[in-house]
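Asker: Handing you a structure now.
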Amino acid sequence: MGNPRGKPPRSDEAIAFAVVGQVLGITVEHADAGGGDGMVDGLWTYPDDRRAALEVTAGEASKEIGAERRAWRGGKPTDRNGSLSLDDLTGQLSKRLAEPWMEPNLAKLRAVRADETHLYLWGLGREDDFLYSTLAEALPSTEMQLPPGLTDLWLDAYVFRGEDTLRNVTVVRYNLAQGWSLHHAVYDEALLPAAR
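Just remember that the working numbering sits 2 ahead of the position in the sequence shown, which is counted from 1.
Structural data, given as C-alpha cells:
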C-alpha cells in the first residue's frame, strides 16, 4: 500500500530501510510516498551507479509452514519419516514466494528499473517466526529458487531489546550470487515513525 505524499515510511518500512542500509552500507530512500500502490517502498544507488529497489511486506500466514513447525516442535513423524531438514524449510519458503498474495509485491519490483531487487519479508505469526529463526540458527547450504526478477530476499529472524529504545535485529539474507548469509543491525525505536 502506498503512503500519502509527504508522509514518512511505515514503521515496518523504516526498520527494513535501517537494517538493509546498515548491512549494505547505503541509505535507502523512501520511494512510495505519493507514488500509490504501484511503487516500491525504497530505492538507493550504489557508488558505482548501480540502482536497487526494496519492497517490504508481511504477507499472509502459511498453513504448510505451520504444519512443519508443529511436526518439528512436537517431534511427531511427518511424511518425511519424522525429520525436517533445512532444505524442507527453504522449499516451504520458495512455495510461499510463489503464492498469489506475493505477486503484487514482485510486480512492483519487476516494474522498476533497477540492477538489484530486494524483498524484505516480515514474519506473520509463530509459523513464520519459526521458519525465519530456524534458518538464522543454521543457514542452509543449498541454493534457493527465487521468483523471476528477484535478486535478494531478507527475512527478519530476531529482534532483541537493547538499552532504552535500541533494538538488535538479526536478519537472514539470500542473494542469488552469494547465497545465504546472516547479518546483525541496530535501530532506535524512538526514531521510528508513529504507528499509523
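Even for Gly, the Cβ is constructed at its ideal location relative to N, Cα and C.
Quick check: what's the CA-CA separation for Y176 versus S183?
Answerer: Cα-Cα distance, rounded: 6 Å.
Asker: Taking only runs that begin and end inside the stretch 161 to 196, name each unbroken beta strand (DSSP E) of 3 or more residues, in chain order.
Answerer: Taking only runs of at least 3 residues, the beta strand (DSSP E) segments lying wholly in the stretch 161 to 196 are 168 to 177 and 181 to 190.
Asker: State the DSSP-derived secondary structure class of D51, mapped to helix, strand or coil.
Answerer: If DSSP states are grouped into helix, strand and coil, D51 belongs with coil.
Asker: Output needed for P10: all residues of its chain with C-beta closer than 6 Å, excluding positions within five of it in sequence on either side, in chain order.
Answerer: Contacts found: P195.
Asker: Buried or exposed for M134, please, with buried defined as at least 16 other CB atoms from any protein chain shown within 10 angstroms of its CB.
Answerer: First, the residue type needs correcting, since residue 134 is Tyr and not Met in the sequence shown. Looking at its Cβ environment, which holds 16 or more other Cβ atoms inside 10 Å, Y134 is buried.
Asker: Kindly identify the DSSP beta-bridge partner or partners of E31.
Answerer: According to DSSP, E31 bridges with L45.
Asker: Thinking C-alpha only, which one of P49, L137 and Y189 is nearest Q94?
Answerer: Q94 has its Cα closest to that of L137, out of P49, L137 and Y189.
Asker: What residue range is occupied by the uninterrupted alpha helix (DSSP H) comprising E15?
Answerer: Segment S13 to L26, the alpha helix (DSSP H) holding E15.
Asker: Helix or strand or just coil, what does DSSP make of L155?
Answerer: If DSSP states are grouped into helix, strand and coil, L155 belongs with the strands.
Asker: Name, in chain order, the residues that DSSP records as bridge partners for V58.
Answerer: Beta-bridge pairing links V58 to Y122.
Asker: Of all the CB atoms in chain D, is at least one closer than 8 Å to the CB of G27?
Answerer: No chain D is present in this structure, which holds just one protein chain.
Asker: Leaving out five residues before and five after N107 in sequence, what residues of the same chain have Cβ atoms less than 6 Å from its Cβ?
Answerer: Closer than 6 Å at Cβ, skipping near neighbours: E57 and T59.
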